[in-house]
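Peer 1: Take a look at the following structure, please.
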Amino acid sequence: MTYDTVVIGAGLAGLTAALRLAEEGRQVILVAKGVGSTHLAPATIDVLAVDDKSPAEALSKLPSEHPYARLPVEVVAASIEWFKARVAGYRGGLHENFLLPTAVGAVKPSAVVPESMAGGDLRGGGRFVFVGLGLKDFYPAYLAENLDQLADVSARGIELTLSHEGSLDLARRFEQADLREVIARQLNAQLEPDERVGFPAVLGLRHAAEVWRDLEERLERPVFEVATLPPSLPGMRLYEAMSEPLRKAGGRVIIGPTVVAAETSNGRVEGVVVEQAARSTTLRARSFMLATGGFASGGLQLDSRGRIRETVFDLPVAGAPDRPRFLPTYLEEQPLDRVGVAVDEQFRPTDVDGNPRYENLYAAGATLAGAAPWREGSGNGLSVATGYAAATILEGAQ
Amino acid sequence: MTELVRDSLDHCVKCTICETFCPFSQVTPLFPGPKYVGPQAERYRGAGLSPDVSVDYCSGCGICTQVCPQGVKIAEINSQARAQLWEDRGIPLRNQLIARPSVLGRLGTPVAPLANWALQNRAVRLLAHRLGGIHYKAPMPKFAGHTFQRWAKRHRSTVSRRKVVYFHGCGTNYYEPGVGEMVVAVLEHNGFHVRIPPQDCCGLPLQSNGNFPAARKYLRRLIGKLAPYAHDGWPIVANSTSCGLMLKREAREILEVEGEDLEAVSAATHDICEFLLGLHERGELRTDFRSLPLTVPYHAPCQQRGHEIGKPALDLLALIPDLRVIELDADCCGIAGTYGLKKEKYSISMAVGERLFRDVYESGANVVACDSETCRWQIEHGTDVHAVHPVELLYRAYGLDAPVAVSAG
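Written out as structure tokens, the structure reads:
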């Protein structure tokens with residue numbers, strides 16, 4: 025098969041680009057060595073973490089090396105609207121960030137959030153109750169004590185004793201009405217009239233919207249989820265919500281094989297070499313989208329000699345620091361944070377002189393140089409915006 | 440344990456993505472999940488020590504390895520741990536028996552009417568349940584009464600310079616010789632000379648039941664039969680996805696068999712749909728398909744996905760006029776070869792398959808396509824919908840089932 029586009033990587037950037045192209049009628053194949061980081065992250069679409077201020081305003085003030093600087097704010101906004109039109113139940117936009125509580129009681133700014141998390145918005149304060157379910161790494165009293173220090177916020181924790189289960193098992197049990205009934209009965213006896221109720225993010229998987237609405241009805245108040253440690257149930261829902269329409273639109277998804285190299289000629293990528301069970305094969309296409317992520321997902325590699333490699337096309341890597349590569353201040357920005365693939369205005373990876381390395385290769389998501397998603401709170405926002413924009417440009421170029 | 444498999448352990452970052460996809464831990468607390476019994480428990484397994492009995496509830500479907508973003512060979516680690524467990528404890532007689540399909544086939548074929556009667560008889564099945572540990576409801580295939588090998592010996596294949604070796608496996612030989620005949624017909628229709636050497640089991644069921652020494656013996660014998668062709672450059676085509684995967688990868692990564700012969704056979708082996716789609720990509724596949732006005736849901740078996748070739752059946756079936764194929768996205772049918780036959784595992788197996796059964800049933804289709812024989816039997820058992828190998832649809836669309844069209848080949 026010769027495809028129109030091969031997308032490499034199954035994270036949010038790869039899924040966004042692939043879905044956008046498949047919806048335009050392109051023959052798309054998405055190939056990834058494993059499932060992407062959707063399953064590890066809270067599934068909020070963080071555009072830029074500037075407290076409750078406008079991410080749109082902050083976007084226009086970024087340095088020119090930042091991937092967002094390749095995009096007019098209107099394009100970022102369009103990508104968010106595109107996303108919200110496809111994945112049901114997301115709220116928010118670029119005008120203002122939600123402020124959501126984390127599992128340790130910190131405050132996390134986020135532009136676009138699942139409706140099941142929106143009720144936890146701390147802007148304007150209020151009274152909150154956090155419910156523990158015996159889940160490891162979710163301690164409602166600890167969470168509440170930290171939040172309680174905020175002005176206008178009062179918070180407390182309630183621990184309900186369920187059998188010790190993991191978040192996956194809990195999510196499946198929440199899909200059964202009898203568990204919800206028991207929990208609602210226990211809580212209704214303890215809740216004050218104006219308290220909002222936060223649960224760890226285990227409120228269902230396939231029928232999550234129904235589970236969340238049902239709990240709001242039973243408790244007669246806003247109910248919300250707080251992101252937990254992996255596996256992320258909201259992330260699993262997001263993966264399903266993106267990959268299912270991709271397949272329905274005729275896109276092919278292959279999870280498992282690793283893309284190890286590329287075949288190129290005359291400044292074009294002709295194919296990518298994919299390792300299969302017994303041999304390797306070449307997937308040919310008119311264009312290619314690199315969305316393999318950064319160091320954590322193997323899109324970039326750092327060896328013991330300090331060399332940094334982009335693992336599929338061996339592209340030049342921008343932003344590589346001189347020594348030291350690591351700083352002892354763990355939570356500060358690290359010298360390696362902004363390392364990645366530099367791209368031109370059309371999201372094509374560039375050589376050191378700024379010219380596109382291959383005319384039909386595009387890149388999106390965490391593999392791009394210039395961003396520090398963990399520090400600046402931009403992970404999923406960058407993936408949606410650059411995946412959307414790069415796919416739009418690619419589509420126009422053909 | 441092979442270095443490749445063992446070393447991959449250190450890449451585990453405990454992200455639990457494998458756990459979120461495991462179809463078995465979702466339905467039973469007896470299996471705590473691939474990460475738990477794999478990369479985690481492996482660190483506590485010393486020589487000859489197998490503390491973790493729950494690994495026996497891993498079906499070996501391999502989905503964990505496929506979805507792992509760090510390249511950890513989770514299913515392979517678990518298969519080897521399961522073999523170690525049974526080596527320590529001794530393999531039950533039942534598992535020794537059901538893991539030898541060619542022995543059962545040789546016993547059952549001459550007395551097929553009687554054997555088939557017994558397999559459908561409730562009293563016999565209850566007895567086998569009680570004494571033999573084979574669940575009385577489990578889907579047992581019917582013996583065809585004649586082997587595919589017998590047909591093959593009488594069959595004169597097309598004379599052609601384009602040659603292919605056909606590895607048909609035990610399911611085709613004893614239970615579904617008709618599928619083998621269709622594979623041969625489709626290949627011959629495309630101008631191939633099909634060679635069908637005598638062959639026995641690949642050892643896969645013994646591998647999944649933890650008897651590695653016996654599995655290796657079968658495997659080496661089969662490799663010996665196929666290697667001369669592979670060395671001469673013949674492609675090998677297999678219609679059983681799990682047996683094909685044994686030749687391609689599991690022999691090396693799980694059974695730790697090595698050697699030039701295996702390497703040659705691995706490199707030559709193709710799944711039938713992979714092979715046919717390869718022909719099409721080179722413009723060499725005949726596309727004289729008749730209209731087939733059907734709606735057919737398609738399920739890619741776990742072991743098919745282990746080939747890492749995508750789903751070539753979808754592209755092939757798309758060539759057939761008026762055939763509407765629905766790609767099913769349920770992960771697993773639950774049977775996992777012999778897993779779902781076992782008394783203690785049958786209900787787990789059916790619970791795993793539930794989503795697939797529902798999707799097949801709700802499609803309203805009369806026929807469902809699936810590449811693996813045991814999965815087809817399980818789907819029929821769970822839905823009462825007739826399950827066929829995708830090749831059967833190609834065969835019908837080529838008109839090879841109607842005598843008038845055969846002359847065109």
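Chains as they are written, first to last, in the working numbering: chain A, 25 to 422; chain B, 440 to 848. C-beta atoms are modelled at their ideal positions from N, C-alpha and C, and glycine is treated no differently. The structure presented is a predicted model; accordingly, all values stated were derived computationally and were not measured.
1. For residue 509 of chain B, go through chain A and note every residue whose CB falls closer than 8 Å to its CB, in chain order.
2. Looking at the C-beta of residue 506 of chain B, does it have a partner C-beta in chain A at a distance below 8 Å?
3. Reducing DSSP to helix, strand and coil, say where residue 260 of chain A ends up.
4. Straight-line CA distance for residue 285 of chain A to residue 840 of chain B?
5. Tell me whether residue 848 of chain B sits in a helix, a strand or coil according to DSSP, three-state version.
6. Please identify the residue among A:148, A:249, A:119 and A:229 whose C-alpha is closest to the C-alpha of residue 157 of chain A.
7. Name the two residues that bound the continuous beta strand (DSSP E) containing residue 602 of chain B.
8. Reducing DSSP to helix, strand and coil, say where residue 223 of chain A ends up.
9. Consider the Cβ of residue 303 of chain A: report whether some Cβ of chain B lies at a distance smaller than 8 Å.
10. If contacts are defined as beta-carbon pairs under 8 Å, then residue 281 of chain A and residue 747 of chain B qualify, I think. What distance do you get, rounded to the angstrom?
11. Any idea what DSSP makes of residue 679 of chain B, helix, strand or coil?
12. Any idea what DSSP makes of residue 295 of chain A, helix, strand or coil?
13. Within this structure, are the beta carbons of residue 757 of chain B and residue 810 of chain B separated by less than 8 Å?
14. In three-state DSSP terms, what is residue 721 of chain B?
15. Rounded to whole angstroms, what is the Cα-Cα separation between residue 498 of chain B and residue 647 of chain B?
16. Whole angstroms are fine: how far does the CA of residue 114 of chain A sit from the CA of residue 394 of chain A?
17. To test your reading of the DSSP string, which unbroken beta strand (DSSP E) runs of 3 or more residues are found completely within the segment 615–648 of chain B?
18. Would you tell me roughly how many angstroms separate the C-alpha atoms of residue 502 of chain B and residue 107 of chain A, rounded to the nearest one?
19. Would you verify that the beta carbon of residue 558 of chain B is, or is not, closer than 8 Å to some beta carbon of chain A?
20. Tell me which same chain residues have a C-beta within less than 8 Å of the C-beta of residue 235 of chain A, skipping the five on either side of it?
21. Below 8 Å between beta carbons: does that hold for residue 676 of chain B and residue 711 of chain B?
22. Please report the distance separating the alpha-carbon of residue 367 of chain A from that of residue 412 of chain A.
23. Quick check on the burial criterion: 16 or more other C-beta atoms within 10 angstroms. Buried or exposed for residue 843 of chain B?
24. Taking only the alpha-carbon atoms, compute the straight-line gap between residue 405 of chain A and residue 418 of chain A and give it to the nearest angstrom.
25. When DSSP labels each residue in this structure, what does residue 276 of chain A get in the three-state scheme?
26. Could you check the C-alpha separation between residue 399 of chain A and residue 493 of chain B for me, to the nearest Å?
27. DSSP state of residue 401 of chain A, grouped into three classes?
28. Can you confirm whether residue 32 of chain A, when its beta carbon is compared against all beta carbons of chain B, has any partner nearer than 8 Å?
29. Quick check: is the beta carbon of residue 279 of chain A nearer than 8 Å to any beta carbon in chain B?
30. Roughly how many whole angstroms lie between the Cα atoms of residue 721 of chain B and residue 551 of chain B?
31. Is it buried or exposed, residue 132 of chain A, if we count other Cβ atoms within 10 angstroms and call 16 or more buried?
32. If the cut is a Cβ gap below 9 Å, which residues of chain A does residue 754 of chain B touch?
33. Quick check on residue 829 of chain B: buried or exposed, where buried means 16 or more other Cβ atoms within 10 Å of its Cβ?
34. Is DSSP giving residue 786 of chain B helix, strand or coil here?
35. Taking the alpha-carbon positions, what's the residue 475 of chain B to residue 559 of chain B distance?
36. Residue 799 of chain B and residue 827 of chain B: beta carbons closer than 8 Å?
Peer 2: So, from the listed chains and residues:
1. Your numbering for residue 509 of chain B matches position 70 in the second sequence. Result: 58 and 322.
2. By 1-based counting over the second sequence, the position of residue 506 of chain B is 67. With a threshold of 8 Å between beta carbons, residue 506 of chain B makes contact with chain A.
3. Numbered from 1 along the first sequence, position 236 holds the residue referred to as residue 260 of chain A. Correct three-state label for residue 260 of chain A: helix.
4. Counting from one through the first sequence, the residue named residue 285 of chain A turns up at place 261. Counting from one through the second sequence, the residue named residue 840 of chain B turns up at place 401. Just so you know, the alpha carbons of residue 285 of chain A and residue 840 of chain B end up roughly 44 Å apart.
5. The count along the second sequence starts at 1 and reaches residue 848 of chain B at position 409. Per-residue confidence for residue 848 of chain B stands at a pLDDT of 35, beneath the threshold of 50, marking its modelled position as unreliable; the derived number appears in the next sentence. Under the three-state reduction of DSSP, residue 848 of chain B is assigned to coil, being neither helix nor strand.
6. To locate residue 157 of chain A, count along the first sequence from 1; it is residue 133. Minimum Cα distance to residue 157 of chain A is reached at A:249.
7. For the purposes of this step, residue 602 of chain B is taken as residue 163 along the second sequence, with counting starting at 1. Membership of residue 602 of chain B in the beta strand (DSSP E) is indicated by the continuous run 602–606.
8. Position 199 of the first sequence holds residue 223 of chain A. The DSSP-derived three-state label of residue 223 of chain A is strand.
9. Position 279 of the first sequence holds residue 303 of chain A. For residue 303 of chain A, the nearest CB of chain B lies under 8 Å from its own CB, placing it at the interface with that chain.
10. The residue labelled residue 281 of chain A in the question sits at position 257 within the first sequence. The residue labelled residue 747 of chain B in the question sits at position 308 within the second sequence. Confirmed, Cβ separation roughly 4 Å.
11. Position 240 of the second sequence, counted from the first residue, corresponds to residue 679 of chain B. Note: residue 679 of chain B maps to coil in three-state DSSP.
12. Against the first sequence, residue 295 of chain A aligns to sequence position 271. Secondary structure at residue 295 of chain A: strand, using DSSP grouped into helix, strand and coil.
13. Position 318 of the second sequence, counted from the start, is the residue given in the question as residue 757 of chain B. Position 371 of the second sequence, counted from the start, is the residue given in the question as residue 810 of chain B. Residue 757 of chain B is not a Cβ neighbour of residue 810 of chain B, given a cutoff of 8 Å.
14. Against the second sequence, residue 721 of chain B aligns to sequence position 282. Residue 721 of chain B: coil per DSSP, three-state reduction.
15. One-based indexing of the second sequence puts residue 498 of chain B at position 59. One-based indexing of the second sequence puts residue 647 of chain B at position 208. Rounded to whole angstroms, residue 498 of chain B to residue 647 of chain B spans 8 Å at the Cα level.
16. In the first sequence, the residue the question calls residue 394 of chain A occupies position 370. In the first sequence, the residue the question calls residue 114 of chain A occupies position 90. So the alpha carbons of these two residues sit roughly 28 Å apart.
17. Correct list: 632–634.
18. Translated into positions along the second sequence, residue 502 of chain B becomes position 63. Translated into positions along the first sequence, residue 107 of chain A becomes position 83. Answer to the nearest angstrom: the Cα atoms are 29 Å apart.
19. In the second sequence, the residue the question calls residue 558 of chain B occupies position 119. For residue 558 of chain B, the closest Cβ of chain A is not nearer than 8 Å.
20. On the first sequence, residue 235 of chain A is found 211 positions in, with the first residue counted as 1. Here the set comprises 198, 199, 204, 227 and 228.
21. Translated into positions along the second sequence, residue 676 of chain B becomes position 237. Translated into positions along the second sequence, residue 711 of chain B becomes position 272. Yes, the pair counts as a contact, with Cβ atoms nearer than the cut-off.
22. Taking the first sequence and counting its residues from 1, the one referred to as residue 367 of chain A is at position 343. Taking the first sequence and counting its residues from 1, the one referred to as residue 412 of chain A is at position 388. Whole-angstrom Cα-Cα distance: 15 Å.
23. As a working note, residue 843 of chain B is residue 404 in the second sequence. Note on residue 843 of chain B: pLDDT 49, under 50, position unreliable in the model; no value is reported.
24. Residue 405 of chain A sits at position 381 when you count from the first residue of the first sequence. Residue 418 of chain A sits at position 394 when you count from the first residue of the first sequence. The alpha-carbon atoms of residue 405 of chain A and residue 418 of chain A are separated by roughly 20 Å.
25. Start at 1 with the first residue of the first sequence, and residue 276 of chain A comes out as number 252. The DSSP-derived three-state label of residue 276 of chain A is strand.
26. Along the first sequence, one-based indexing puts residue 399 of chain A at 375. Along the second sequence, one-based indexing puts residue 493 of chain B at 54. In a straight line, the C-alpha of residue 399 of chain A is about 41 Å away from that of residue 493 of chain B.
27. Taking the first residue of the first sequence as 1, we reach residue 401 of chain A at position 377. Looking at residue 401 of chain A - three-state DSSP - the assignment turns out to be coil, as it is neither helix nor strand.
28. Residue mapping note: residue 32 of chain A aligns to position 8 of the first sequence, counting from 1. It does not; no Cβ of chain B falls within 8 Å.
29. Your numbering for residue 279 of chain A matches position 255 in the first sequence. Chain B contact via Cβ: present.
30. Translated into positions along the second sequence, residue 721 of chain B becomes position 282. Translated into positions along the second sequence, residue 551 of chain B becomes position 112. Annotation: residue 721 of chain B to residue 551 of chain B spans about 43 Å, alpha carbon to alpha carbon.
31. Taking the first residue of the first sequence as position 1, residue 132 of chain A is located at position 108. When all chains shown are included, residue 132 of chain A counts as buried.
32. In the second sequence, residue 754 of chain B corresponds to position 315, counting from 1. For residue 754 of chain B, the chain A residues whose Cβ falls inside 9 Å of its Cβ are 25 and 276, in order along the chain.
33. What you label residue 829 of chain B is simply residue 390 of the second sequence in a count that begins at 1. Buried.
34. For this step, residue 786 of chain B is matched to residue 347 along the second sequence. Helix, per DSSP.
35. As a first step, residue 475 of chain B must be located in the second sequence, where it is residue number 36. As a first step, residue 559 of chain B must be located in the second sequence, where it is residue number 120. Spanning the alpha carbons of residue 475 of chain B and residue 559 of chain B requires a straight line of approximately 39 Å.
36. As a first step, residue 799 of chain B is located in the second sequence; it is residue number 360 there, counting from the start. As a first step, residue 827 of chain B is located in the second sequence; it is residue number 388 there, counting from the start. Cβ distance not < 8 Å, so residue 799 of chain B and residue 827 of chain B don't count as in contact.
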